[in-house]
Amino acid sequence: MENKARKRREALVYHAKPKPGKIEVVPTKKYATQRDLSLAYSPGVAEPCLEIEKDKDNAYKYTTKGNLVAVISNGTAVLGLGDIGPEASKPVMEGKGLLFKIFADIDVFDIEVDTKDVDKFIETVKNIAPTFGGINLEDIKAPEAFEIEQRLKAELDIPVMHDDQHGTAIISAAALLNALELAKKKIEKVKIVVSGAGAAAVSCTKLYKSFGAKAENIVMLDSKGVIRKDRPNLSEEKVEFATERKIDTLAEAMKDADVFIGLSIADIVSPEMLKSMAKKPIVFAMANPNPEIDYQLAMDTRDDIIMATGRSDHPNQVNNVLGFPFIFRGALDVRATKINEEMKMAAVKALAELAKEAVPEQVNIAYGETRLNFGADYIIPKPFDPRLIAKVPPAVAMAAMQSGVAREPIQDWQKYEDELLERMGNENKITRLLINRAKINPKRIVYAEADHLDVLKAAQIVKDEGIGIPILLGRREVIEELMREIDFDASDVEIIDPISDEEAEHRKAYAQVYWKTRSRNGVTLYDAEKLMRERNYFAAMMVNEGDADALLSGYSRAYPTVVKPMLELIGMAKGVSRVAATNVMNTARGPLFISDTSINIDPSAKDLAKIAQMTARTVQLFGMDPVVAMISYANFGSSKDPRAKKVKEAVSYLHRFHPELSVDGELQTDFALNREMLQGKFPFSKLAGKKVNTLIYPNLDSANSTYKLIKELNNVDSIGPIMMGMKKPVHILQLGASVEEMVNMSAVAVVDAQEKEKRLKKQ
1 MENKARKRRE ALVYHAKPKP GKIEVVPTKK YATQRDLSLA YSPGVAEPCL
51 EIEKDKDNAY KYTTKGNLVA VISNGTAVLG LGDIGPEASK PVMEGKGLLF
101 KIFADIDVFD IEVDTKDVDK FIETVKNIAP TFGGINLEDI KAPEAFEIEQ
151 RLKAELDIPV MHDDQHGTAI ISAAALLNAL ELAKKKIEKV KIVVSGAGAA
201 AVSCTKLYKS FGAKAENIVM LDSKGVIRKD RPNLSEEKVE FATERKIDTL
251 AEAMKDADVF IGLSIADIVS PEMLKSMAKK PIVFAMANPN PEIDYQLAMD
301 TRDDIIMATG RSDHPNQVNN VLGFPFIFRG ALDVRATKIN EEMKMAAVKA
351 LAELAKEAVP EQVNIAYGET RLNFGADYII PKPFDPRLIA KVPPAVAMAA
401 MQSGVAREPI QDWQKYEDEL LERMGNENKI TRLLINRAKI NPKRIVYAEA
451 DHLDVLKAAQ IVKDEGIGIP ILLGRREVIE ELMREIDFDA SDVEIIDPIS
501 DEEAEHRKAY AQVYWKTRSR NGVTLYDAEK LMRERNYFAA MMVNEGDADA
551 LLSGYSRAYP TVVKPMLELI GMAKGVSRVA ATNVMNTARG PLFISDTSIN
601 IDPSAKDLAK IAQMTARTVQ LFGMDPVVAM ISYANFGSSK DPRAKKVKEA
651 VSYLHRFHPE LSVDGELQTD FALNREMLQG KFPFSKLAGK KVNTLIYPNL
701 DSANSTYKLI KELNNVDSIG PIMMGMKKPV HILQLGASVE EMVNMSAVAV
751 VDAQEKEKRL KKQ
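Here it is, written out as structure tokens:
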């Protein structure tokens, strides 16, 4: 109960702080001067107004209409909460807006309408429709949802879609096509059981019919049992799927069925029902949060099953985010007048085809897989797949053009694909990839300063989210008091006070090991025993001796004082002559790696080359191809100063000994980050035409200042400093790091431990 109460508080604080809500309006034009304001508003604004008066389509040219979607609800069917009203639905609508933005760069206004009257609702939406390029209906109860969508699609000339109906239909249809292919079954012949008769179930079944499923092979059930033609008072939607078979129960329907589609409630399918299905059964148990049959129970019951659920912790998650952002993206980009059946089917085919293509390493890394391959455990793409933005919208746009509903056809498809990929630079996906990967195989992380509240909060999140397994170092009584204060369940969390009597044996054992390695460097056994009372030394020895997998420290102490024991006790990896640090900045243009931000004050040319190599490997760890610019105040020999020549020599070394690496310089930062400038001025560069994602600075001053400047001015997330070149997974936080930064660094430490473990097994 305490954990549930804490989760509730966390959710409320998340939505309330630092300011209420999850989305905001941000200006896209300059507004600093009086001239700017006179153009933005009066008198300059009159000019576009007059142009739009002449031709309403000019609204797409002069306003945000073409990239603006309304997420509209009356709050009558909100998630699993039911009819909670328009005001209470607003957090969900804002959340939908956030997903539109981060997955497809679509702007959203959420609109909550205070009426259950269908006519009034439709009238409201029609009256505000001129503002928007598209309408996403959300969380409206059936059967009203069917009429509302049908009438709005007929009466408006912009795309309208009720995602609760069509989102699940599109994703599950893609999964079904691939599952049938794997099972070697034809959709025209399979027997399908649909548990549930709400908006999603009806839409799913209609879409399956569009792909060839036969009405006579479909059995649909609602809360009263099998929907039969002889049942009185059936709604129009249910009449379409009523069966003539003389059966009443789910158990009867499941016998010899090839496909089960669950959009109902948890645990209604028994192992016996599963056993009664045909060979190679396809089971999509999509009730959330708990499916119609437990995933593991289903897998244990049948070894020939192909299964999907709505959950992210099992293979084949039917997740609407694979659909709606990209469908609207494609529809908006050709100014479609509607989202029709052809466009939905195109999205289905694109998703199904994508699952059969070779999976990028970035996706494999995110899900902790050696290699995701099309098969029973991978029948639909993963939500983190970066190819979705370039695959689904073009398919939808093409279908809109071919079906005659596109008002602005695309002429240059390659240019369009490039524009789509560029949009994804605005998305903070790398953090989610990192955390998701850490969760696949959590490791034991020592927090050397766990008696600080923020460190403890970070450890609590890491434990609760399954990112890692915290080991808390510090004064036990302080830690336990703080844990009670934040409702941190300590029952299965290891707490260690290095100076306590209980740890005397560990201190002595660690001191012996340390003394043996440092005895010829002036360290006595007495010195070693004394040092083991210090947390950073004790924590480092825990990692060295295999009592922990990774270490985080530095929250309360200056960076150099924490680095020293790590270098002394843990040391550098084999073949490494210089450690360094990089920070990942989640910028609007995408992730940007900056090195060396913490260790090397004035590295030599050869050191810079080594730092570039290590950073490139770290970039690859995040599933990206490194494109490295060696930064200076000069461009390609424009200065003969030794500081510029140092960078030039480092580049020369890399070109000679590592020609496979995409690296060049010396370059000024603006040329490195501006592809057009670089291509125009230095077309001979190895970076010409490429998007640089890694900057290697010539000294600590410039690197450290740059990353902190970006962080503070642009309010971007920073992951780091990430220690590179260490023998063990050890990472040192910036003094006073935020809870979020410590959580991110915990994920880095876990992934680092995973990689080092893999390399050790290969040796």
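Take the sequence shown: its position 302, counted from the start at 1, is 302 in UniProt numbering, and no numbers get skipped.
Glycine included, each C-beta is placed from N, C-alpha and C at the ideal position.
What is the rounded straight-line gap between the Cα of residue i and the Cα of residue j?
i: E427; j: A539; result: Residue placement at E427 cannot be trusted, given a pLDDT of 43 that sits under 50; the coordinates are not used to answer.
i: N544; j: I570; result: 6 Å
i: residue 780; j: T517; result: Because the chain is modelled from 1 through 763, residue 780 falls outside the range shown and cannot be assessed.
i: V359; j: K382; result: 10 Å
i: P143; j: G310; result: 23 Å
i: K238; j: E417; result: 41 Å
i: T587; j: A278; result: 51 Å
i: A266; j: N288; result: 8 Å
i: P386; j: V523; result: 52 Å
i: K29; j: T64; result: 12 Å
i: P43; j: P27; result: 19 Å
i: A395; j: F384; result: 19 Å
i: S652; j: Q679; result: 20 Å
i: I122; j: D752; result: 54 Å
i: E660; j: S604; result: 22 Å
Please confirm whether residue i and residue j have their CB atoms less than 8 Å apart.
i: N178; j: I380; result: yes
i: T431; j: I719; result: yes
i: L654; j: A703; result: no
i: I106; j: V69; result: yes
i: M614; j: M724; result: yes
i: Q165; j: S203; result: yes
i: G330; j: A400; result: yes
i: I339; j: M161; result: yes
i: E133; j: I158; result: Just to set this straight, residue 133 is Gly in the shown sequence, not Glu. Yes, Cβ-Cβ distance for G133 and I158 is below 8 Å.
i: T168; j: A197; result: no
i: A253; j: L221; result: yes
i: V190; j: V108; result: no
i: I732; j: S553; result: yes
i: V748; j: L434; result: yes
i: I471; j: L456; result: no
i: S195; j: S264; result: yes
i: E94; j: K22; result: yes
i: D549; j: K443; result: yes
i: I486; j: Q460; result: yes
So what does DSSP say about residue i, is it helix, strand or coil?
i: Y447; result: strand
i: D57; result: helix
i: A179; result: helix
i: Y378; result: strand
i: E465; result: coil
i: V739; result: helix
i: V405; result: coil
i: P289; result: coil
i: T64; result: helix
i: I170; result: helix
i: P498; result: coil
i: A581; result: strand
i: K761; result: helix
i: A77; result: coil
i: L592; result: strand
i: V493; result: coil
For residue i, list the residues DSSP reports as bridge partners.
i: V513; result: In DSSP, V513 forms no bridge with anything.
i: P470; result: I445
i: R228; result: T243
i: T615; result: For T615, which the question treats as bridged, DSSP gives no partner whatsoever.
i: Q317; result: T309
i: V108; result: V69
i: A336; result: A406
i: S276; result: Partner(s): none; S276 has no beta bridge.
i: I135; result: A70 and V160
i: A550; result: I445
Note to self: If contact is defined by three or more beta carbon pairs under 8 Å, each pair taking one atom from either stretch, is the segment 316-336 in contact with the segment 142-150?
What the structure shows: no
Notebook entry, point to check: Does the segment 183-193 come within contact of the segment 268-284, defined as at least 3 CB pairs closer than 8 Å?
Noted result: The answer is yes - the segment 268-284 touches the segment 183-193, with three or more Cβ pairs under 8 Å.
Check: Is the segment 734-744 touching the segment 709-719, taking contact as three or more C-beta pairs under 8 Å?
Finding: yes
Notebook entry, point to check: Are three or more beta carbon pairs between the segment 572-586 and the segment 484-502 nearer than 8 Å?
Noted result: no
Next item on the list: Please confirm if the segment 686-694 is in contact with the segment 589-598, defined as three or more CB-CB distances below 8 Å between the two stretches.
Entry: yes
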